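>
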Amino acid sequence: MIVPQPISALGAGVPNMEKAMLQRMSPERVFMMGDNPALPRMPKAPKLLDFFRLRFSEITFRHLLQSAKTALEAGQDEKIVIACLLHDISNGALMRTEHGYWSAQLVAPYVSEEVAWAIRYHQALRYFADEAAGFKYPDSYNQFFGPDYQPPEYIQQAHREARAHRWYMTSRLITVYDMYAFQENWSVDPEQFADVIGRNFKQPKEGLGFDGSPVAHMWRTMIWPNNFL
Ligand SMILES: [Fe+2]
Ligand SMILES: [Fe+2]
1 MIVPQPISAL GAGVPNMEKA MLQRMSPERV FMMGDNPALP RMPKAPKLLD FFRLRFSEIT
61 FRHLLQSAKT ALEAGQDEKI VIACLLHDIS NGALMRTEHG YWSAQLVAPY VSEEVAWAIR
121 YHQALRYFAD EAAGFKYPDS YNQFFGPDYQ PPEYIQQAHR EARAHRWYMT SRLITVYDMY
181 AFQENWSVDP EQFADVIGRN FKQPKEGLGF DGSPVAHMWR TMIWPNNFL
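Residue numbers for the sequence shown, in the working numbering: 1 to 229.
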């Protein structure tokens, strides 16, 4: 039996199944721990692209690769390309809410401080136009949230902090390449980023999830997303 994560049931009108499932437990019917046969099995020492291929939702997979490819074709520095490739990584298989912060945290031990910083702040910068840098407020946000939506104070504060920071443009460029990366009929081969990843993302030899880093548990949660505990 697989209990949905508490956060995905909260407030969504979905009943919390925990109690009902505990009542259905028997020697023949236990809770999921370890490899769920409904999911592709991950290698023992998983690398970044294994998560792309075996765990990420189709939309995130395509979006990250398209935005990295667009940055690459625009002649951007590798730090921008890797930041684009990773910017929404938490949406792939972990968490949408506060995705800039979750994404930055997931990759922080493996990328430069500047790349993690840029990923963290892109979430806030997406709400604020910078036309000189080539970024308008997204039409999609008017559709997602309605034309009257105002971001909360902590997002406005993050935007002010980012504007004043020497790494502002690194984060801003994520939002620029973000815009062009929602095309359904454009597939990008992840292998073409193997070299950029090799130079800009320190893959732990034990595999992501098993290196004892402060975020290893977040990668393990994606490997075994249905574990009861
Ligand atoms: Fe994002
Ligand atoms: Fe994005």
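Each residue gets a CB set at the ideal place from its N, CA and C atoms; glycine is no exception.
As the structure is a prediction and not an experimental result, all values here were calculated from the model.
Beta carbon of aspartate 148: closer than 6 Å to some heavy atom of ligand 2?
Not so, every heavy atom of ligand 2 lies at least 6 Å from the Cβ.
> Would glycine 34 pass as an interface residue toward chain B - the criterion being a Cβ-Cβ separation below 7 Å?
Considering every chain present, this structure includes no chain B. It has just one protein chain.
> Who are the Cβ neighbours of isoleucine 2 in its own chain at under 6 Å, not counting the five residues just before and after it?
The answer, listed in chain order, is Met32, Asn226.
> Listed in chain order, which residues are found with a beta carbon closer than 5 Å to a heavy atom of ligand 2?
For ligand 2, the selected residues are Asp88, Asp178.
> Take aspartate 88 and list the residues in its own chain whose beta-carbon comes closer than 7 Å to its own, dropping the five residues that flank it on each side.
Taken in chain order, the residues that qualify are Thr60, His63, Leu64, His99, Ser103.
> Provide the residue span of the alpha helix (DSSP H) that contains methionine 218, from first to last.
That run of the alpha helix (DSSP H) goes 216-223.
> Can you name the start and end residues of the alpha helix (DSSP H) that histidine 63 belongs to?
Its alpha helix (DSSP H) spans residues 58-73.
> Run through the region 16-44 for me and flag every whole alpha helix (DSSP H) of 4 or more residues, listed as ranges in chain order.
Whole alpha helix (DSSP H) segments, 4+ residues: 18-24.
> So, are the CB atoms of alanine 231 and glutamate 206 less than 7 Å apart?
Absent from the structure is residue 231, since the part of the chain shown begins at 1 and ends at 229.
> Would you call the region 148-161 in contact with the region 108-128, where contact means no fewer than 3 C-beta pairs closer than 8 Å?
Flag = yes, the region 148-161 and the region 108-128 touch.
> Please classify lysine 69: is it buried, with 16 or more other beta-carbons within 10 angstroms of its beta-carbon, or exposed?
Label assigned to lysine 69: buried.
> Considering only the beta carbon of each residue, do valine 81 and phenylalanine 135 sit closer than 7 Å?
Taking 7 Å as the Cβ cut-off, valine 81 and phenylalanine 135 do not qualify as a contacting pair.
> Assuming methionine 169 is part of the alpha helix (DSSP H), what are its boundary residues?
That run of the alpha helix (DSSP H) goes 168-178.
> Phenylalanine 210 to isoleucine 197, Cα distance in whole Å?
If I take the Cα positions, the gap works out to 19 Å.
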